[in-house]
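>
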Amino acid sequence: MNARPGIDSPDHRGRTGLDRAGRDLDGNPDVVVRDVELTSQGWHVLRRTTFDYRRRDGRWVTQQRETYDRGNGAVVLPYDAERGRVLLTRQFRYPAYVNGHPDGMLVEAAAGLLDGDDPLSAIRRESAEELGVTLGPLTHVLDAYMSPGSVTERLHFYAAPYTPADLSGDGGGLEEEGEDIDVLELPFPDALAMCHDGRIADGKTILLLQWAALNGPFAPGPGTD
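Start counting the sequence shown at 155; every next residue gets the next number (my numbering).
#1: So W214 and D206 are in contact, right, with Cβ under 8 Å, and what is the actual spacing, rounded?
#2: Which runs of the beta strand (DSSP E) fall wholly inside the segment 224–264 and span at least 3 residues, in chain order?
#3: Grouping DSSP H, G and I as helix and E and B as strand, with all else coil, what is D344?
#4: Output needed for G357: all residues of its chain with C-beta closer than 7 Å, excluding positions within five of it in sequence on either side, in chain order.
#5: In whole angstroms, give me the CA-to-CA distance for H310 and N226.
#6: Can you check whether the CB of G325 is closer than 8 Å to the CB of E262?
#7: Strictly by DSSP, which residues pair up with Y299?
#8: Is S322 buried or exposed, if buried means 16 or more other CB atoms sit within 10 Å of its CB?
#9: G352 and Y316 - do their beta-carbons sit closer together than 8 Å?
#10: By DSSP's criteria, Q218 is part of a beta bridge. Which residues make up the other side?
#11: Which partner residues does D336 have in the DSSP bridge list?
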């Protein structure tokens with residue numbers, strides 16, 4: 155039998171056993187995983203899983219779902235409360251471009267995959283690479299699945315203060331990874347307005363900016379109308 159890359163022989167990233175994900179799940183007695191097929195393994199992994207599912211009326215049915223596994227990630231909103239500013243990025247996103255965004259250039263909070271790091275280390279790394287900023291203390295905002303119907307990724311959300319003195323690099327991302335990122339330092343009211351008029355259309359960024367306005371560093375103080 156020929157060796158199958160990513161299954162019983164290493165693929166281009168040195169991975170094996172990619173068809174094992176999910177086979178040992180036992181946290182839900184109403185779900186029994188029957189088979190996991192590896193349908194694609196580029197930089198990330200696409201699987202087709204067959205499982206039995208017990209419906210609310212007690213009937214068992216067999217279903218198939220495709221899952222896109224790109225690992226987990228982290229995202230951060232750096233803010234300067236004294237000057238009323240936030241740091242964001244602007245970069246080309248082909249999936250948005252092909253799905254109706256006018257030019258594919260999205261304004262986003264800095265984010266990246268964990269790539270084996272813990273979330274705090276990963277987001278400090280991404281902030282240095284993308285924004286050129288050394289972050290202050292990190293506040294954990296929440297964790298969320300952003301597209302749970304098909305993408306396995308769990309995203310860890312953070313916010314952190316910064317000052318002009320913390321802008322220690324140029325940012326821009328890593329050219330060897332295809333990144334070409336503009337760094338945007340925006341007045342917070344302008345960034346929030348961009349969520350409302352569509353100039354910011356990225357979900358994770360909208361969520362962090364809304365948090366900052368309602369519960370975070372730009373929330374109204376006691377007695378404020």
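Note that the Cβ used here is the ideal one computed from N, Cα and C, for glycine as well.
Based on what the coordinates show:
#1: Here residue 214 refers to the residue found at position 60 when the sequence shown is read from its first residue. Here residue 206 refers to the residue found at position 52 when the sequence shown is read from its first residue. For a cut-off of 8 Å, the C-beta gap from W214 to D206 is around 5 Å, short enough to register as a contact.
#2: 227–234, 239–246, 259–262
#3: If you number the sequence shown from 1, residue 344 lands on position 190. In the structure shown, D344 sits in a helix (DSSP, three-state: H, G or I).
#4: As a working note, residue 357 is residue 203 in the sequence shown. The residues are M300.
#5: Reading the sequence shown from its first residue, position 156 is the one you call residue 310. Reading the sequence shown from its first residue, position 72 is the one you call residue 226. Spanning the two alpha carbons is a distance of roughly 8 Å.
#6: The residue given as residue 262 occupies position 108 in the sequence shown. The residue given as residue 325 occupies position 171 in the sequence shown. No, the Cβ-Cβ distance between E262 and G325 is not below 8 Å.
#7: For this step, residue 299 is matched to residue 145 along the sequence shown. According to DSSP, which records beta bridges pairwise, Y299 is partnered with R308.
#8: Sequence index remark: in the sequence shown, residue 322 carries index 168 (1-based). S322 is exposed by the Cβ-count criterion.
#9: What you label residue 316 is simply residue 162 of the sequence shown in a count that begins at 1. What you label residue 352 is simply residue 198 of the sequence shown in a count that begins at 1. For Y316 and G352, no; Cβs fall outside 8 Å.
#10: The count along the sequence shown starts at 1 and reaches residue 218 at position 64. In DSSP, Q218 forms a bridge with T204.
#11: If you number the sequence shown from 1, residue 336 lands on position 182. Paired residues: R244.
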